[in-house]
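Asker: Numbering (the numbering used here), first residue to last: 90 to 359. Beta carbons: idealized from backbone N, C-alpha and C, even for Gly. Computed from a prediction, not measured in an experiment: that's the story for all the values here.
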């Protein structure tokens, strides 16, 4: 069971994992940092506690820690109770959600094993906006996508903002990097029996509803906000599909487009 420990000094070294989260070059969840996973708010912390990520500690105001008492019962980790001002001084800003948790990263997911067992996957190229990435993971979780594969130039899904925007679902949707030459590495998915469908606004692409993807094993290929998929990625897909738009609108936000595609392929079995 977690031990609740009062902390009154924001310089207490036990809070070092949480320190200066607004300072980019010192943040523990940034590239070059310690690679820690940071969860904010009761809902997201609860999902972290239920995930495979090894939790190191919690920091929160007493009221928020009390809300997590049942979740903490199965965890032997320190939970530091502090007032809002102490937390704000240590963290670098006032935390409206009142609680944080820090975890180490889990073991990497095996790409081949995920591809063999998944009915549906999202495959991302160049999605480097942390909020779009978090939203994609939330949509993938909501619509039953079995995993997310990261191609080149993607942001880190475990960056604090991505974790927050995903409402913690990045902690439960399996993800892995597609290594090897891009986009040749998409061949691994094809070998596993998945059909690779690239989402594009190109007018000569097949309308999503007419692509015959519902109920099939599909990997939905999505590109960055703005530029979309590269020509090489589009050429490597089995087919190109589009979401028909009303006149005067050329595309949707990548996370929204992903949600439409995930629903269309029938990832959720009702």
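1) If you measure between the beta carbons of residue 110 and residue 181, is that distance less than 8 Å?
2) Buried or exposed, going by whether 16 or more other CB atoms sit within 10 Å of the CB of residue 146?
3) Check whether the Cβ atoms of residue 215 and residue 197 lie closer than 8 Å to each other.
4) Does the distance from the CB of residue 328 to the CB of residue 295 come in under 8 Å?
5) Give me the Cα-Cα distance between residue 286 and residue 237, rounded to the nearest whole angstrom.
6) With C-beta atoms as the reference, is residue 210 less than 8 Å away from residue 283?
7) Using 8 Å as the threshold, is the segment 254 to 268 in touch with the segment 301 to 308, meaning 3 or more CB pairs across them?
8) What do you get for residue 129, buried or exposed, if any count of 16 or more other CB atoms within 10 angstroms of its CB means buried?
9) Is the Cβ-Cβ distance between residue 318 and residue 310 less than 8 Å?
10) Quick check: the Cα distance between residue 212 and residue 316, rounded to an integer number of angstroms?
11) Considering only C-alpha positions, which residue in the set 173, 172, 143 is nearest to residue 165?
12) Are residue 189 and residue 148 close, meaning C-beta to C-beta below 8 Å?
13) Look at residue 131 and residue 161 and say whether their C-beta atoms are less than 8 Å apart.
14) Who pairs with residue 127 in a beta bridge, going by DSSP?
15) Can you tell which of 92, 126, 96, 338 has its C-alpha closest to the C-alpha of residue 194?
16) Please state the DSSP three-state secondary structure of residue 343.
17) Count the other CB atoms within 10 Å of the CB of residue 336; is the residue buried (16 or more) or exposed (fewer)?
18) Assign residue 347 to one of two classes, buried (16 or more other C-beta atoms within 10 Å of its C-beta) or exposed (fewer than that).
19) Can you give me the C-alpha to C-alpha distance between residue 277 and residue 204, rounded to a whole angstrom?
20) How about residue 172 and residue 208: do their beta carbons lie closer than 8 Å?
21) Below 8 Å on the Cβ atoms is my contact criterion, and I expect residue 325 with residue 275 to pass it. Report the Cβ-Cβ distance as a whole number of Å.
22) Could you give the distance in angstroms between the alpha-carbon of residue 351 and the alpha-carbon of residue 101?
Answerer: Straight from the coordinates:
1) Closer than 8 Å, so yes.
2) Its Cβ being crowded by 16 or more others within 10 Å, residue 146 is buried.
3) Cβ distance not < 8 Å, so residue 215 and residue 197 don't count as in contact.
4) Contact: yes.
5) It is roughly 14 Å from the alpha-carbon of residue 286 to the alpha-carbon of residue 237.
6) Going by C-beta atoms, residue 210 is nearer than 8 Å to residue 283.
7) With the cut-off at 8 Å, the segment 254 to 268 and the segment 301 to 308 do not touch.
8) By the Cβ neighbour-count rule, residue 129 is buried, with 16 or more other Cβ atoms within 10 Å of its own.
9) Yes, Cβ-Cβ distance for residue 318 and residue 310 is below 8 Å.
10) Near 16 Å, if we compare the C-alpha coordinates of residue 316 and residue 212.
11) Of 173, 172, 143, the residue nearest in Cα terms is 143.
12) Yes; because the gap between Cβ atoms is below 8 Å, this pair is in contact.
13) Going by C-beta atoms, residue 131 is not nearer than 8 Å to residue 161.
14) Within the DSSP bridge table, the entry for residue 127 names 191 as partners.
15) Relative to the Cα of residue 194, the nearest Cα in the group 92, 126, 96, 338 belongs to 126.
16) Residue 343 falls in the helix class under three-state DSSP.
17) So residue 336 counts as exposed.
18) Residue burial annotation: residue 347 is buried, with at least 16 other C-beta atoms found within 10 angstroms of its C-beta.
19) Between residue 277 and residue 204, the C-alpha separation is close to 8 Å.
20) Against a cut-off of 8 Å, the Cβ pair of residue 208 and residue 172 comes out as no contact.
21) Residue 325 to residue 275, Cβ: 5 Å. Contact.
22) Those two C-alpha atoms are separated by around 46 Å.
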